[in-house]
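Residue numbers (our numbering), protein chains in the order written: chain S, 1 to 107; chain P, 108 to 230. For each residue, glycine too, the CB sits at the ideal point set by N, CA and C. The structure presented is a predicted model; accordingly, all values stated were derived computationally and were not measured.
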């Protein structure tokens, strides 16, 4: 199975900050990576797929980059609605696997 | 708009069975592969199973293989997860999720999710 490791596990930041979350795969997954945002009690929401393609309707302050084994999700200027938990997910092969999550907290 | 609504959750004793359902609307259900993903309380996301749009392919996580069965009824726009021999570690919110590849069997992510249904395995 492909292991996905996110860092950091928790990130404290302020409105307006630029933040970056990293996701590493245990083997190359090319660009078969998605990012999701999840708020408490809610289903995950797709933000980015194919490592860097923004899902329709997602604000342009979100961006993704990377390929192979290392990927990043960047939020260019944090808004109050962005405080949530973020997950990466590989879909190169089954079983699909997720990172453990990064909780983005208000500083 | 795409809607996925799960049902069938609840409290069940270890070793017993439960069947989850997910009814889809707002899209041509029979053209899309569908997944189950779960999330234990306070934990991360865990992929469970997938079924192709035409029912020809099914894959499972090792943790549920041989105990869970995914199925679908395209005439009713419904996805199912039959869960047998349930264990405490199966306690989770179960989500159904759509694979965006229309009439394809290619690697894809999840573009739409249901609201989730809680399954609690406890004596």
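Looking at chain S, is there any beta carbon in it that lies within less than 9 Å of the beta carbon of residue i?
i	result
residue 199 of chain P	no
residue 222 of chain P	yes
residue 136 of chain P	no
residue 143 of chain P	no
residue 166 of chain P	yes
residue 180 of chain P	no
residue 175 of chain P	no
residue 187 of chain P	no
residue 133 of chain P	no
Note the first and the last residue of the continuous beta strand (DSSP E) segment covering residue i.
i	result
residue 132 of chain P	125-132
residue 217 of chain P	Where residue 217 of chain P is concerned, there is no enclosing beta strand (DSSP E), given that its DSSP letter is neither H nor E.
residue 205 of chain P	199-209
residue 73 of chain S	70-75
residue 113 of chain P	110-114
residue 90 of chain P	Nothing about residue 90 of chain P can be reported from this structure: the residues present for chain P run from 108 to 230 only.
residue 15 of chain S	Segment: none, residue 15 of chain S is in no beta strand (DSSP E) and carries neither H nor E.
residue 194 of chain P	Looking at the DSSP string, residue 194 of chain P is not in any beta strand (DSSP E), and its letter there is neither H nor E.
residue 165 of chain P	165-167
residue 179 of chain P	175-180
Is there a Cβ of chain P sitting closer than 9 Å to that of residue i, yes or no?
i	result
residue 89 of chain S	yes
residue 95 of chain S	yes
residue 8 of chain S	no
residue 71 of chain S	no
residue 44 of chain S	yes
residue 79 of chain S	no
residue 105 of chain S	no
residue 39 of chain S	no
residue 100 of chain S	yes
residue 13 of chain S	no
residue 84 of chain S	no
Leaving out five residues on either side along the sequence, give the residues of the same chain with a beta carbon under 7 Å from the beta carbon of residue i.
i	result
residue 92 of chain S	2, 29, 30, 32
residue 138 of chain P	160, 209, 210
residue 99 of chain S	4, 5, 6, 23, 87, 88
residue 47 of chain S	35, 36, 37, 55, 58, 62
residue 15 of chain S	78, 79, 80
residue 26 of chain S	2, 3
With 16 other CB atoms within 10 Å as the buried threshold, where does residue i fall?
i	result
residue 102 of chain S	buried
residue 162 of chain P	exposed
residue 144 of chain P	buried
residue 221 of chain P	buried
residue 80 of chain S	exposed
residue 115 of chain S	Nothing can be reported for residue 115 of chain S: it is not among the residues displayed for chain S, which extend from 1 to 107.
residue 82 of chain S	buried
residue 135 of chain P	exposed
residue 200 of chain P	buried
residue 85 of chain S	buried
Considering only heavy atoms of the ligand ATP, does any lie closer than 8 Å to the CB of residue i?
i	result
residue 125 of chain P	The ligand ATP is absent from the structure shown, which contains no ligands of any kind.
I'd like the list of long-range same chain contacts for residue i, defined as Cβ closer than 6 Å, with 5 residues on each side in sequence excluded.
i	result
residue 237 of chain P	For chain P, the structure presents residues 108 to 230; residue 237 of chain P sits outside this window and is missing.
residue 66 of chain S	51, 72
residue 18 of chain S	76
residue 34 of chain S	49, 89
residue 202 of chain P	144, 220, 221, 223
residue 70 of chain S	24
If I measure Cβ to Cβ from residue i and keep anything under 8 Å in the same chain, skipping five residues before and after, which residues do I get?
i	result
residue 216 of chain P	206, 207
residue 13 of chain S	19, 78, 104, 105, 106, 107
Would you mind giving the Cβ-Cβ distance between residue i and residue j, rounded to the nearest angstrom? I have them listed as a contact below 8 Å.
i	j	result
residue 224 of chain P	residue 127 of chain P	6 Å
residue 171 of chain P	residue 165 of chain P	That pair is no contact at about 12 Å.
residue 132 of chain P	residue 181 of chain P	Contact doesn't hold; Cβ gap of about 13 Å is too wide.
residue 168 of chain P	residue 95 of chain S	5 Å
residue 179 of chain P	residue 141 of chain P	6 Å
Any beta carbon of chain A sitting closer than 9 Å to that of residue i?
i	result
residue 1 of chain S	The chain labelled as chain A is not found among the protein chains of the depicted structure, namely S and P.
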